[in-house]
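Quick notes on the structure that follows.
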Amino acid sequence: MFSKKIKIKIANVLVASLILGFTSNINFNTIKVFAAELPGAHHAAVENDVFLGGNYLEVGVNKHGSFGTAIAAPTGFHPVSRTNLGMVVDGDGFEIGEESKTGDFFLPGSPYESYVVAYKNSEGISTKAQVAERSGMLGITNISTTDTSSGNTLSATTVGTTNDGKLKITQVVSFDVNDKYFNIHVTYENISESTLYDARYLRSVDPDQDADKNLDYTTKNSVIKNPPQDAKAIVIAKGNVTDEPFVYMASDSRARASVTRMTDPYNEACYQEDGSNLLKPEALGDTWIAMTFDLGDIEPGKSVSLDFINSLNPDLDSALNSGVTETTPAAVEITRDEDTLTAKLKKEDGTEYTTSAAVAYDWYRNDELVQTGTENIYVLTDADKGKEISVKIDKYELKSEPLYIEKGEAPETPETTPAAVTIEGKTRVGETLTAQLIDENENDFTTSGAVTYKWYRLNSSNSEFSNEIGTGKTYKLKGADLKKYIGVQAIYNEYEFSDKVGKISKSSSSSSSSNNSSTDTSIESTNTSSTSTTDTSADSNKTGWIQDTNSKWYLVKEDGTKTTGWKLLEDKWYFFDKDSGSMITGWYKAQNGEWTYDGQDTVGQWFYLDGKGKMVTGWFKDIDGSWYFLCDGKQYGALGVMKTGWQQIDGKWYFFNNNGTMASDTVVEGYTLGSDGAWIK
Numbered sequence: 001m002f003s004k005k006i007k008i009k010i011a012n013v014l015v016a017s018l019i020l021g022f023t024s025n026i027n028f029n030t031i032k033v034f035a036a037e038l039p040g041a042h043h044a045a046v047e048n049d050v051f052l053g054g055n056y057l058e059v060g061v062n063k064h065g066s067f068g069t070a071i072a073a074p075t076g077f078h079p080v081s082r083t084n085l086g087m088v089v090d091g092d093g094f095e096i097g098e099e100s101k102t103g104d105f106f107l108p109g110s111p112y113e114s115y116v117v118a119y120k121n122s123e124g125i126s127t128k129a130q131v132a133e134r135s136g137m138l139g140i141t142n143i144s145t146t147d148t149s150s151g152n153t154l155s156a157t158t159v160g161t162t163n164d165g166k167l168k169i170t171q172v173v174s175f176d177v178n179d180k181y182f183n184i185h186v187t188y189e190n191i192s193e194s195t196l197y198d199a200r201y202l203r204s205v206d207p208d209q210d211a212d213k214n215l216d217y218t219t220k221n222s223v224i225k226n227p228p229q230d231a232k233a234i235v236i237a238k239g240n241v242t243d244e245p246f247v248y249m250a251s252d253s254r255a256r257a258s259v260t261r262m263t264d265p266y267n268e269a270c271y272q273e274d275g276s277n278l279l280k281p282e283a284l285g286d287t288w289i290a291m292t293f294d295l296g297d298i299e300p301g302k303s304v305s306l307d308f309i310n311s312l313n314p315d316l317d318s319a320l321n322s323g324v325t326e327t328t329p330a331a332v333e334i335t336r337d338e339d340t341l342t343a344k345l346k347k348e349d350g351t352e353y354t355t356s357a358a359v360a361y362d363w364y365r366n367d368e369l370v371q372t373g374t375e376n377i378y379v380l381t382d383a384d385k386g387k388e389i390s391v392k393i394d395k396y397e398l399k400s401e402p403l404y405i406e407k408g409e410a411p412e413t414p415e416t417t418p419a420a421v422t423i424e425g426k427t428r429v430g431e432t433l434t435a436q437l438i439d440e441n442e443n444d445f446t447t448s449g450a451v452t453y454k455w456y457r458l459n460s461s462n463s464e465f466s467n468e469i470g471t472g473k474t475y476k477l478k479g480a481d482l483k484k485y486i487g488v489q490a491i492y493n494e495y496e497f498s499d500k501v502g503k504i505s506k507s508s509s510s511s512s513s514s515n516n517s518s519t520d521t522s523i524e525s526t527n528t529s530s531t532s533t534t535d536t537s538a539d540s541n542k543t544g545w546i547q548d549t550n551s552k553w554y555l556v557k558e559d560g561t562k563t564t565g566w567k568l569l570e571d572k573w574y575f576f577d578k579d580s581g582s583m584i585t586g587w588y589k590a591q592n593g594e595w596t597y598d599g600q601d602t603v604g605q606w607f608y609l610d611g612k613g614k615m616v617t618g619w620f621k622d623i624d625g626s627w628y629f630l631c632d633g634k635q636y637g638a639l640g641v642m643k644t645g646w647q648q649i650d651g652k653w654y655f656f657n658n659n660g661t662m663a664s665d666t667v668v669e670g671y672t673l674g675s676d677g678a679w680i681k
């Protein structure tokens with residue numbers, strides 16, 4: 001009866017380490033077992049599920065790529081308290097030694113283990129898809145999982161395509177028979193004809209390792225590290241009874257760890273550029289932990305891959321260094337086109353190496369550093385005559401073979417003094433901005449010395465240059481830059497200059513996205529700046545908020561037309577009558593086509609807008625004293641919709657009648673509800 005549901009607010013791929021750390025009877029230095037007594041590698045594909053087992057770890061991967069099978073595990077596996085399988089572990093090996101202290105990590109109670117895929121078009125409209133099969137969330141329907149195990153290597157491969165046909169997702173779960181971790185390799189491939197902007201990925205789970213054997217659903221949760229201050233993102237959930245940890249860990253500057261029930265990867269509860277804001281001391285609760293990644297833009301035909309390492313090792317540093325290692329380039333080479341040099345990363349086989357991670361290129365003239373930043377292009381100057389030019393990449397400990405510039409080759413470039421920096425390029429998402437130093441005559445300034453460029457995203461034209469988003473001479477505008485200002489800071493010797501442009505507009509080639517089943521499409525930012533007025537007549541020459549003689553409020557656009565339907569203003573939702581344009585207050589029953597969620601129309605569902613027209617979410621007490629609950633984004637359903645039936649809210653179960661009123665001091669379906677409406681266990 002109590003199926004856990006949450007709101008779908010859904011996520012290039014990430015090098016992430018999702019650590020499943022636990023200590024059950026493990027002594028990594030002294031443990032001694034006889035391999036013959038252990039079960040060895042065992043795996044099976046049954047209907048749409050894949051079961052993988054080694055000597056210390058067993059997982060069940062369902063059709064949609066989340067953990068938790070739909071059907072019973074075959075003979076030879078070790079499910080706990082149920083026949084299907086999420087993840088179970090035994091520190092000293094299955095079938096020998098002491099029994100594991102923990103049960104299934106994923107399946108007790110109302111199971112929740114999920115991943116979220118999200119991206120935006122050039123207008124800032126996001127497409128989000130959430131997958132959590134055991135919770136009934138099937139945001140990607142064209143998907144399947146197969147058993148790809150071989151010998152002592154256990155693996156399950158999931159391949160799917162988002163419902164709009166734009167993104168292909170490939171996931172490989174794998175581990176060797178004696179491993180105390182498993183690896184998840186994920187690839188995003190843009191199979192559309194347009195760029196996917198501001199892509200995100202979120203993985204979250206409600207770990208219940210102490211529920212099966214100790215009847216305790218709570219965990220002690222903490223976020224101990226986050227970029228950019230730390231190289232890793234780490235969130236830990238320890239069993240309240242056993243102290244056995246479940247850990248998400250990512251060695252990736254794009255990752256942010258959090259403790260939250262939110263599943264929208266664009267929400268600040270899941271991701272903030274300053275990850276220190278998400279750090280949390282250890283606190284007890286029955287909640288979720290999450291790892292969210294900001295993956296940037298994906299161009300058509302491009303793909304990005306990364307790995308999650310899920311480890312049993314309670315030593316976090318040791319766990320991160322185990323398992324699959326991210327591939328690295330073998331060399332860096334310089335190519336030349338007239339006066340332009342380009343640094344290219346190469347694999348061992350000589351093919352080009354590509355990565356979504358930022359790479360810093362240090363250009364040298366003989367032994368003098370002359371340019372640094374993420375720009376892989378160097379333009380020759382007169383000072384390069386008779387010198388050797390090379391490039392060094394500290395991240396990969398690579399240095400190119402030097403390229404000698406003949407004395408008669410390099411262009412004559414008179415040295416002047418810079419007077420300012422300007423930003424050149426179109427201020428539209430998808431375009432590339434170029435920083436250019438100029439002299440007092442507004443001519444381009446060229447120099448053989450090192451110039452440092454830093455790019456910043458600004459909320460307004462008066463914002464401080466604090467949110468750094470890139471380095472190098474150029475910056476490609478992303479979906480996250482829409483409606484923002486972009487600034488650049490140039491540092492050359494004792495000179496320092498800055499410039500800014502904005503607001504950034506949508507791409508000229510943008511097209512609106514279409515709704516498709518099991519996908520949530522929502523506008524992330526449609527804020528309208530307007531001036532309120534208390535006029536008693538609806539003057540057609542005015543714009544912004546207008547009040548008529550009947551005290552009805554309207555929001556008039558710059559073209560003189562009235563806003564209709566749902567509108568997001570300063571992070572609050574309002575609804576304007578589709579015919580008259582008047583702002584609605586009080587209870588409102590949705591009509592056909594006004595609001596879609598998870599591919600379904602909300603026609604016939606109720607919302608409540610307060611006296612100022614703002615949508616109410618969460619608990620609400622009406623004037624007759626009745627309590628209601630309006631979806632607050634933590635539950636499955638459209639934001640603000642009135643909930644009915646059984647609902648789990650902050651770890652407690654409540655029942656809401658068909659008219660939305662909360663039941664209390666009664667018995668429903670054999671379950672006793674207290675005066676506060678919560679089920680008395």
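Take UniProt numbering: the final residue in the sequence shown is number 681, and no numbers are missing along the way.
For glycine and all other residues, C-beta sits at the position ideal for the given N, C-alpha and C.
Because the structure is a prediction, the values reported are computed rather than measured.
Hey, how far is the Cα of residue 72 from the Cα of residue 111? Cα to Cα, the separation comes out at about 16 Å.
Host alpha helix (DSSP H) of residue 212 (start-end): It spans 211 to 214 - the alpha helix (DSSP H) in which residue 212 sits, taken as one unbroken run.
How many whole angstroms separate the CB atoms of residue 137 and residue 106, which I take to be in contact at a CB cut-off of 8 Å? Between residue 106 and residue 137 the Cβ distance is about 14 Å, and since that is not below 8 Å, they are no contact.
Taking the beta carbon of residue 283 as the centre, do at least 16 other beta carbons fall within 10 Å, making it buried, or is it exposed? Burial is judged here by how many other beta carbons sit within 10 angstroms of a residue's own beta carbon; residue 283 has fewer than 16 and is exposed.
Alpha carbon of residue 12 to alpha carbon of residue 171, nearest angstrom: Low confidence applies to residue 12: its pLDDT is 36, below 50, so where it sits in the model is not reliable enough to give any reading.
Go ahead and label residue 231 buried or exposed: buried means 16 or more other beta carbons lie within 10 angstroms of its beta carbon, across all protein chains shown. With a 10 Å radius around the Cβ and a threshold of 16 neighbouring Cβ atoms, residue 231 comes out exposed.
Thinking C-beta only, is residue 265 closer than 8 Å to residue 116? Taking the C-beta atoms as reference points, residue 265 is found nearer than 8 Å to residue 116.
Taking a contact to mean a Cβ-Cβ separation below 8 Å, would you say residue 621 touches residue 631 in this structure? Taking the C-beta atoms as reference points, residue 631 is found no nearer than 8 Å to residue 621.
Are there 16 or more other CB atoms within 10 angstroms of the CB of residue 57, so buried, or fewer, so exposed? Buried.
Expected contact under 8 Å - CB spacing of residue 376 and residue 361 to nearest Å: Contact annotation, residue 376 with residue 361: C-beta distance approximately 5 Å; criterion of less than 8 Å satisfied.
Given residue 270 as reference, the closest of 242, 243, 233 once Cα atoms are compared: Shortest Cα-Cα distance from residue 270 to any of 242, 243, 233 involves 233.
For residue 217, three-class secondary structure by DSSP: DSSP places residue 217 outside both helix and strand once states are collapsed to three, so it counts as coil.
Go ahead and pull the three-state DSSP assignment for residue 558. Looking at residue 558 - three-state DSSP - the assignment turns out to be coil, as it is neither helix nor strand.
Take residue 46 as the anchor and find which of 305, 580, 64, 69 has the nearest alpha-carbon. The shortest CA-to-CA distance from residue 46 to any of 305, 580, 64, 69 is the one to 69.
Using only alpha-carbon positions, find the residue among 378, 39, 382 that is nearest to residue 390. When the alpha-carbon of residue 390 is set against those of 378, 39, 382, the nearest one is in 378.
In the DSSP assignment, find the unbroken beta strand (DSSP E) run with residue 584 in it and report its ends. For residue 584, no beta strand (DSSP E) segment is defined, and its DSSP state is neither H nor E.
Spatial neighbours of residue 439 within its chain, please: CB distance less than 8 Å, with the 5 preceding and 5 following residues excluded, ordered by chain position. Scanning its chain for C-beta atoms nearer than 8 Å, with the 5 sequence neighbours on each side dropped, one finds around residue 439 the residues 416, 417, 418, 419, 445, in chain order.
Quick check on residue 667: buried or exposed, where buried means 16 or more other Cβ atoms within 10 Å of its Cβ? Residue 667 counts as exposed, since fewer than 16 other C-beta atoms from the protein chains shown sit within 10 angstroms of its C-beta.
Compute the Euclidean distance between the alpha carbons of residue 125 and residue 163, then round it to the nearest angstrom. Taking the straight line from one Cα to the other gives about 16 Å.
Collapsed DSSP secondary structure at residue 65 in the structure displayed: In the structure shown, the three-state DSSP call for residue 65 is coil.
The beta strand (DSSP E) spanning residue 115 covers which residue range? Boundaries of the beta strand (DSSP E) around residue 115: 113 to 120.
At the 8 Å Cβ level, is residue 261 part of the contact set with chain C, yes or no? Any reference to chain C falls outside this structure, which holds one protein chain only.
How big is the Cα-Cα spacing for residue 268 and residue 251? Their backbone Cα atoms lie some 21 Å apart in a straight line.
Rounded to the nearest angstrom, what separates residue 688 and residue 82 at their Cα positions? This structure cannot settle anything about residue 688, because the visible part of the chain is limited to 1 through 681.
Look at residue 502 and residue 475 and say whether their C-beta atoms are less than 8 Å apart. Judged by beta-carbon spacing, residue 475 lies beyond the 8 Å limit of residue 502, meaning their Cβ atoms are not closer than that value.
Using CA coordinates, which residue listed in 435, 472, 189, 273 is at the minimum distance from residue 300? Out of 435, 472, 189, 273, 189 has the C-alpha closest to the C-alpha of residue 300.
If you reduce the DSSP assignment to three classes, tell me which class residue 424 lands in. Strand at residue 424.
Round the Cβ separation of residue 740 and residue 145 to the nearest angstrom and send it over; I've been treating them as touching at under 8 Å. It is not possible to answer for residue 740, since the shown part of the chain is limited to 1 through 681.
Distance CB(residue 614)-CB(residue 572) smaller than 8 Å: Here residue 614 is near residue 572, since their CB atoms are less than 8 Å apart.
Whole angstroms are fine: how far does the CA of residue 648 sit from the CA of residue 680? Going by the C-alpha atoms only, they are around 13 Å apart.
Which whole-angstrom value is the C-beta distance of residue 374 and residue 471, which I expect to be below 8 Å? Yes, they are in contact, since the Cβ atoms of residue 374 and residue 471 sit about 5 Å apart, within 8 Å.
Pick from 387, 129, 221, 61: whose alpha carbon is nearest that of residue 149? Among 387, 129, 221, 61, the Cα nearest to that of residue 149 is on 61.
At 4 residues or longer, and completely inside the region 319 to 396: list those alpha helix (DSSP H) runs for me, N to C. Listed in chain order, nothing qualifies, since the region 319 to 396 has no complete alpha helix (DSSP H) run of 4 or more residues.
State yes or no: is the C-beta of residue 627 within less than 8 Å of the C-beta of residue 583? No.
C-alpha distance - residue 401 paired with residue 298, whole-angstrom precision: A straight-line Cα-Cα distance of about 32 Å links residue 401 and residue 298.
Beta-carbon proximity check, residue 664 vs residue 677, cutoff 8 Å: A contact, by the Cβ cut-off of 8 Å.
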